[in-house]
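Asker: One structure coming up, written as structure tokens, with questions to follow.
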Amino acid sequence: MKNAAVSWVVLLATAASAFAQLAPPDFLIPVPPPRIELADTNSAPMQVQELSVAAAVRGLYATVDTTLVFLNPNPRLLEGDLVFPLPDGAAVCGYALDVNGVLVDGVVVKKEKARVAFEAETRRRVDPGLVEHVKGNLYRTRIYPLPAHGTRTLRLSYTAPLALAPNGDAALLLPMPRDPIEKLSVKIEVANDAAEAPVLGGLGDRRFAQAENVWRVESTSTNATPGEDVWVALPKLPANLSSVEKAPDGSTWFSISTIAPLIEDKPPDLPARFHILWDASGSRATADLKKEFDLISALPAEIAYTLTVFRDAPEPAREFKTAADLVAALKEVPFDGGTDFAALAAAIPTDGVPILMFTDGIDTLSDKPLVFPRANLRPIVSQTTADREALRQACSGMLIDLQTTDPSAARAQLIAHPPCRVVGIVGTGFASVQGGGRPAVNRVTVLGQLTTPEATVQIEYTGGMLSDPFTLRAADARAGQTLATAWAAARVNQLSPRADQFEDDLL
47 MKNAAVSWVV LLATAASAFA QLAPPDFLIP VPPPRIELAD TNSAPMQVQE LSVAAAVRGL
107 YATVDTTLVF LNPNPRLLEG DLVFPLPDGA AVCGYALDVN GVLVDGVVVK KEKARVAFEA
167 ETRRRVDPGL VEHVKGNLYR TRIYPLPAHG TRTLRLSYTA PLALAPNGDA ALLLPMPRDP
227 IEKLSVKIEV ANDAAEAPVL GGLGDRRFAQ AENVWRVEST STNATPGEDV WVALPKLPAN
287 LSSVEKAPDG STWFSISTIA PLIEDKPPDL PARFHILWDA SGSRATADLK KEFDLISALP
347 AEIAYTLTVF RDAPEPAREF KTAADLVAAL KEVPFDGGTD FAALAAAIPT DGVPILMFTD
407 GIDTLSDKPL VFPRANLRPI VSQTTADREA LRQACSGMLI DLQTTDPSAA RAQLIAHPPC
467 RVVGIVGTGF ASVQGGGRPA VNRVTVLGQL TTPEATVQIE YTGGMLSDPF TLRAADARAG
527 QTLATAWAAA RVNQLSPRAD QFEDDLL
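Spelled out as structure tokens, the structure:
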């Protein structure tokens, strides 16, 4: 979505105390903190003077509301852009900006109307608070005016799925900048029926305490410099997990989650050759090349390789007999220029050789939905800023993310037992399901709406396999809006790669 309202969250915490610090789970993806780009590059950088965060975890989803007060330390009025990445699968659920000292909530409008409002308000020297989707999971909002020695206040919110480990464990990572903050306040609530408290890191000696039907932790500090990111790891989850919520409008939403079955059939025959498509555009400069090279090196020695390097256009193909020779050549390839996936798609061979495409999925030139003509093309991502959803949709869901999958597990997905797929949801009493159609590599989560007081739901996989049945009752629903918002976020992400075709649905 090129012009959708989105949000950024930064969680800040008290400085570390003498309490022993816990290491975060290794499946959490580090997210770099946002940056403010000032139009006047000679000015002193903006400062976050105050920050207040309230995060709520329901099932395997989180919503986070953040209020930030920015201080302009310069003796003149400035303008700037706040540029920020969001976690994979995240979407906006709120945005507000102070006008004459009062926070005014934004509304979602079509991009044409947003542009007209932006231009009209800018001429009046008023910030209309336009937030834009740049590419992939990268977003930007303009902050203007930033008064001399004055402040501006923003409130931002998003909903995102928790990060999942290969064994089905779940956690939430909340990235923090490392600058001094005059006032920090953090509040996290986790709805969990388990007797064991979630594990918390990044808030010093603070720990969760049970309050009513949630686990809760709060922290307020002044003049503190955060020293690490905040993270929350849920207790060991059962294989089957369900949650039901009643939204403020009276509708009832559910989430079900289960560990995907393993395919025990004979793995496919080993290919004699892989065709490597190597994205060498400038946006790939932050890729984790070590993980990518480790994956290539982990492939069987008897496989040969064809390499096509691409940017605005694909280069002539080259042949390599060993992975070592291929990796040595890739280490000499510079990253520069833009990406045109339309030009690449037209040049993808149809000789039946399996294709591995190392890319971030960000098309900077053609501005068209990703469409690839090959069913056995596997995209591989290793960096935070990437268009994962567009790659999933262009490649039948078969995305390999090296930020959450180690090279040995990625190798297994490529040449050993391929994961089964979610092909449908069966049962009665539900509608509007989101979450099917993807490879089931660990824990599978599905969202939907109850249409009767009681529903029975099962997840269907390839080969006719079914999950255990889930019985969901509207009478068991907790009051809340996290699952309804998470469903909407999943729907937005599904439609975003084809935003021009689904503008009304997205609105």
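Position in the sequence shown (from 1) plus 46 gives the number in the numbering used here. Note that beta-carbon positions come from the ideal geometry of N, C-alpha and C, so glycine has one too. Just so it is clear, the structure is predicted and the values come from calculations on it, not from any experiment.
Where does the unbroken alpha helix (DSSP H) through R537 begin, and where does it stop?
Answerer: Locating residue 537 in the sequence shown gives position 491, where the first residue counts as 1. Where R537 is concerned, the enclosing alpha helix (DSSP H) stretches over 528-541.
Asker: In three-state terms, what does DSSP make of S327?
Answerer: As a first step, residue 327 is located in the sequence shown; it is residue number 281 there, counting from the start. S327 falls in the coil class under three-state DSSP.
Asker: List the whole-angstrom C-beta distance separating I75 from T531, where the pair is believed to meet the contact cut-off of C-beta under 8 angstroms.
Answerer: Here residue 75 refers to the residue found at position 29 when the sequence shown is read from its first residue. Here residue 531 refers to the residue found at position 485 when the sequence shown is read from its first residue. Not confirmed; about 21 angstroms, so no contact.
Asker: Return the chain-ordered list of same chain residues with a C-beta closer than 7 angstroms to the C-beta of G214, the five sequence neighbours on each side being excluded.
Answerer: Counting from 1 along the sequence shown, the entry for residue 214 is found at position 168. Cβ within range, chain order: L283, I305, N488, R489.
Asker: How many angstroms separate the CA atom of P226 from the CA atom of D251?
Answerer: On the sequence shown, position 180 is the one that residue 226 refers to. On the sequence shown, position 205 is the one that residue 251 refers to. Whole-angstrom Cα-Cα distance: 20 angstroms.
Asker: To the nearest angstrom, how far is the alpha carbon of N120 from that of E228?
Answerer: Reading the sequence shown from its first residue, position 74 is the one you call residue 120. Reading the sequence shown from its first residue, position 182 is the one you call residue 228. Approximately 18 angstroms between the Cα atoms of the pair.
Asker: Alpha carbon to alpha carbon, how far is T405 from K157? Give it in angstroms, no decimals.
Answerer: For the purposes of this step, residue 157 is identified with residue 111 of the sequence shown, where counting begins at 1. For the purposes of this step, residue 405 is identified with residue 359 of the sequence shown, where counting begins at 1. Those two C-alpha atoms are separated by around 28 angstroms.
Asker: I need the DSSP call for K233, collapsed to helix, strand or coil.
Answerer: Start at 1 with the first residue of the sequence shown, and residue 233 comes out as number 187. Looking at K233 - three-state DSSP - the assignment turns out to be strand.
Asker: Roughly how many whole angstroms lie between the Cα atoms of N194 and T187?
Answerer: Within the sequence shown, the letter at position 148 stands for residue 194. Within the sequence shown, the letter at position 141 stands for residue 187. Residue identity check: residue 194 is Ala in the sequence provided, not Asn. In a straight line, the C-alpha of A194 is about 20 angstroms away from that of T187.
Asker: Does I224 pass the burial test, meaning 16 or more other C-beta atoms within 10 Å, or should it be called exposed?
Answerer: In the sequence shown, counting from the first residue as 1, residue 224 sits at position 178. The question names Ile, but residue 224 is Arg in the sequence shown. Looking at its Cβ environment, which holds fewer than 16 other Cβ atoms inside 10 Å, R224 is exposed.
Asker: Roughly how many angstroms lie between the CA atoms of S289 and A237, to the nearest whole one?
Answerer: The residue you call residue 289 lines up with position 243 of the sequence shown. The residue you call residue 237 lines up with position 191 of the sequence shown. Going from the Cα of S289 to the Cα of A237 covers about 10 angstroms.
Asker: Please confirm whether V162 has its beta-carbon closer than 7 angstroms to some beta-carbon of chain B.
Answerer: Given the protein chain composition of this structure (a single chain), no chain B is represented.
Asker: Give the straight-line distance between the Cα atoms of G475 and A142, rounded to the nearest whole angstrom.
Answerer: Position 429 of the sequence shown, counted from the first residue, corresponds to residue 475. Position 96 of the sequence shown, counted from the first residue, corresponds to residue 142. Cα to Cα, G475 sits roughly 37 angstroms from A142.
Asker: Helix, strand or coil for D225 per DSSP?
Answerer: Residue mapping note: residue 225 aligns to position 179 of the sequence shown, counting from 1. DSSP places D225 in coil when its eight states are reduced to three.
Asker: Can you list, in chain order, the residues of its chain whose CB lies under 6 angstroms from that of T498, leaving out five sequence neighbours each side?
Answerer: By 1-based counting over the sequence shown, the position of residue 498 is 452. These residues qualify, in order along the chain: G475.
Asker: Report the option in I471, I342, I401, P307 whose CA atom is closest to the CA atom of A375.
Answerer: Taking the sequence shown and counting its residues from 1, the one referred to as residue 375 is at position 329. Of the candidates I471, I342, I401, P307, the one whose C-alpha sits nearest the C-alpha of A375 is I342.
Asker: Across the region 512-524 and the region 195-213, are there enough close Cβ pairs to call them in contact, namely three or more that are closer than 8 angstroms?
Answerer: Result no; under three Cβ-Cβ pairs closer than 8 angstroms.
Asker: Using CA coordinates, which residue listed in L493, L202, V162 is at the minimum distance from F130?
Answerer: Here the question's residue 130 lines up with position 84 in the sequence shown. Among L493, L202, V162, the Cα nearest to that of F130 belongs to L202.
Asker: As a quick exercise: from A257, S231, V260, pick the residue whose alpha carbon is nearest that of V276.
Answerer: Mapped onto the sequence shown, residue 276 falls at position 230. The option with the nearest alpha carbon to V276 is S231.
Asker: Under the DSSP definition of a beta bridge, which residues are partnered with G126?
Answerer: Walking along the sequence shown from the start, residue 126 turns up at place 80. In the DSSP output, where bridge partners are listed per residue, G126 has L84, I189.
Asker: Quick one: what's got a C-beta closer than 8 angstroms to W533's C-beta in the same chain, skipping five residues either side?
Answerer: If you number the sequence shown from 1, residue 533 lands on position 487. Once the five neighbours on either side are set aside, the close Cβ partners of W533 are W299, S478, Q480, L493, G494, Q495.
Asker: Just verifying my parser: in three-state terms, what is the DSSP assignment at A374?
Answerer: Along the sequence shown, read from residue 1 onward, the residue named residue 374 stands at position 328. DSSP places A374 in helix when its eight states are reduced to three.
Asker: Please list the terminal residues of the continuous alpha helix (DSSP H) segment that includes A344.
Answerer: Here residue 344 is taken as the residue at index 298 of the sequence shown, counted from 1. Note, A344: alpha helix (DSSP H), 335-344.
Asker: Could you check which residue in P91, A456, V110, A369 has the C-alpha nearest to that of L97?
Answerer: Your numbering for residue 97 matches position 51 in the sequence shown. Ranking P91, A456, V110, A369 by Cα distance to L97 puts V110 first.
Asker: In its own chain, which residues sit with a C-beta less than 6 angstroms from the C-beta of A359, not counting the 5 before and 5 after it?
Answerer: Within the sequence shown, numbered from 1, the residue matching residue 359 stands at position 313. A389, listed in sequence order.
Asker: Of the choices V94, L249, E435, whose alpha-carbon is the least far from that of L219?
Answerer: As a first step, residue 219 must be located in the sequence shown, where it is residue number 173. Ranking V94, L249, E435 by Cα distance to L219 puts L249 first.
Asker: Sorted by chain position, which residues of the same chain lie with C-beta nearer than 6 angstroms to H321's C-beta, five sequence neighbours on each side aside?
Answerer: If you number the sequence shown from 1, residue 321 lands on position 275. Counting only Cβ-Cβ distances below 6 angstroms, and skipping sequence neighbours, we find T352, V399, I401.
Asker: T508 by DSSP, collapsed to three states: which one?
Answerer: Here residue 508 refers to the residue found at position 462 of the sequence shown. Correct three-state label for T508: helix.
Asker: Name the residue from K367, E242, L460 whose alpha carbon lies nearest to the alpha carbon of L316.
Answerer: Stepping through the sequence shown from its first residue, residue 316 is reached at position 270. It is L460 whose Cα lies nearest to the Cα of L316.
Asker: Tell me the DSSP bridge mates of N286?
Answerer: As a working note, residue 286 is residue 240 in the sequence shown. DSSP lists T304 as partners of N286.
Asker: What does the Cβ neighbour count give for P212, buried or exposed, with the cut at 16 atoms within 10 Å?
Answerer: On the sequence shown, residue 212 is found 166 positions in, with the first residue counted as 1. Exposed: under 16 other Cβ atoms inside 10 Å.
Asker: Measuring CB to CB, does E506 end up less than 7 angstroms from V469?
Answerer: Start at 1 with the first residue of the sequence shown, and residue 506 comes out as number 460. Start at 1 with the first residue of the sequence shown, and residue 469 comes out as number 423. Taking 7 angstroms as the Cβ cut-off, E506 and V469 qualify as a contacting pair.
Asker: Given this structure, state the Cα-to-Cα distance separating S89 from D397, to the nearest angstrom.
Answerer: What you label residue 89 is simply residue 43 of the sequence shown in a count that begins at 1. What you label residue 397 is simply residue 351 of the sequence shown in a count that begins at 1. Looking at the two C-alpha atoms, the distance is approximately 56 angstroms.
Asker: Quick check on A523: does DSSP put it in helix, strand or coil?
Answerer: Position 477 of the sequence shown holds residue 523. Of the three classes helix, strand and coil, the one that applies to A523 here is coil, per DSSP.
Asker: Name the residue from L84, G247, F387 whose alpha carbon lies nearest to the alpha carbon of D325.
Answerer: One-based indexing of the sequence shown puts residue 325 at position 279. Among L84, G247, F387, the Cα nearest to that of D325 belongs to F387.
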